[in-house]
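Residue 1 is where the sequence shown starts when you use UniProt numbering, and the numbers rise one by one after that. Note that CB positions come from ideal geometry on N, CA and C, so glycine has one too. I have placed the structure first, in the form of structure tokens, so that the comments after it can refer back to it.
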Amino acid sequence: MEPAQPADRVPADRTPPDGQPPADVPAGHGGESAATDPTPPPPVVAGKSERSPKDMAISLLVLLVPIALLLAFYRGFLGGDQATTVDPAPAIEQARSANVFPVSQPQGLGSDWTTVSARYQTVEGGANLRLGYLTPEGRGVQLLQSSVPADRLLPAELTSQGQPQGPTELAGRTWQLYTARGNQQALVLLEPTRTVIVIGDARDNELRELAGSLR
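As structure tokens, then:
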């Protein structure tokens, strides 16, 4: 049994050595006092973009100027908007050598008519000679000469929209005017050994000029 303590006994000094937390205060992680609560850093606010609409417009302009210069060079010096001209003579000669049907070709067309395609090929039921032109007004016209029977050729070339509109005389020959796909129209010449079709979205006078030039 321990002897009674005097009533006026002073508690033992609990002051810790220098640099240590008080004995009655629990130590936190790493030896720091748990009572110490450091103030959290202020939240980081994302800075707003300082680019103005004017700056963005200037950046866009810097990108567009080289593109515009390249486009101008392509059109002005390389002829980017000009149709590619082809020589129809090889295809016409091939068709004549095959001797499947009589072959005609335009004569006397102006220099503002441009030949853009020419092809002769054998197909089921016969052979076709196709010549493509760009008219003076910049519209497309195709001249087709074929030995394929007309009852098969016309639906294939004019589609189901092709309807006869009546005859017309051109250079001593009787052609038939037809409607065709979309806004196209056609002139059709029916002969015993071939069918000739002039078709395109060109004006009527240009279709007639091409059809009437065949010799």
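Among the options, which has the Cα closest to the Cα of residue i?
i, options, result
"Ser117", "Met56, Gln184, Leu144, Leu63", "Leu144"
"Gln94", "Gly172, Gln121, Arg208, Val141", "Gln121"
"Leu170", "Val196, Val86, Leu63, Ser160", "Val196"
"Thr193", "Leu210, Asn99, Pro66, Asp87", "Asn99"
"Glu191", "Thr168, Tyr178, Ala150, Gly182", "Ala150"
"Thr114", "Val123, Pro136, Glu206", "Pro136"
"Phe101", "Arg130, Ser146, Leu131, Gly182", "Ser146"
"Arg96", "Ala127, Ala57, Pro164", "Ala127"
"Arg215", "Leu177, Gly182, Arg173, Asn183", "Arg173"
"Asp87", "Leu63, Arg119, Gly108, Ile58", "Arg119"
Going by DSSP in three states, residue i sits in which element: helix, strand or coil?
i, result
"Arg203", "coil"
"Glu137", "coil"
"Leu109", "coil"
"Gln145", "strand"
"Val25", "Since pLDDT at Val25 reaches only 49, below the 50 mark, its modelled position is unreliable, and the value read off the structure follows with that caveat. Val25 falls in the coil class under three-state DSSP."
"Ser117", "strand"
"Arg181", "coil"
"Gln94", "helix"
"Ala83", "coil"
"Arg51", "coil"
"Val65", "helix"
Taking a contact to mean a Cβ-Cβ separation below 8 Å, would you say residue i touches residue j in this structure?
i, j, result
"Leu154", "Gly162", "yes"
"Asp201", "Arg152", "no"
"Gly125", "Val148", "yes"
"Ile199", "Ala180", "yes"
"Trp175", "Leu158", "no"
"Ala83", "Leu134", "yes"
"Val141", "Glu206", "yes"
To which residues does DSSP link residue i through a beta bridge?
i, result
"Arg208", "In the DSSP output, where bridge partners are listed per residue, Arg208 has none listed."
"Gly162", "In DSSP, Gly162 forms no bridge with anything."
"Glu169", "Thr174"
"Thr122", "Ala127"
"Ala186", "Tyr178, Ile199"
"Leu214", "Pro106"
Applying the criterion that 16 or more other CB atoms from any shown protein chain within 10 Å of the CB defines a buried residue, is residue i buried or exposed?
i, result
"Ala186", "buried"
"Pro106", "buried"
"Ala89", "exposed"
"Ile67", "exposed"
"Ala156", "exposed"
"Asp204", "exposed"
"Ser213", "buried"
"Gly132", "buried"
"Leu129", "buried"
"Ala34", "With a pLDDT of 48 at Ala34, under the threshold of 50, the predicted position of this residue should be treated as unreliable, though the coordinate-derived value follows. Classification of Ala34: exposed, given that the 10 Å Cβ count is below 16."
Taking only beta-carbon positions, decide if residue i is within less than 8 Å of chain D.
i, result
"Gly110", "Protein chains in the displayed structure number just one, and chain D is not present."
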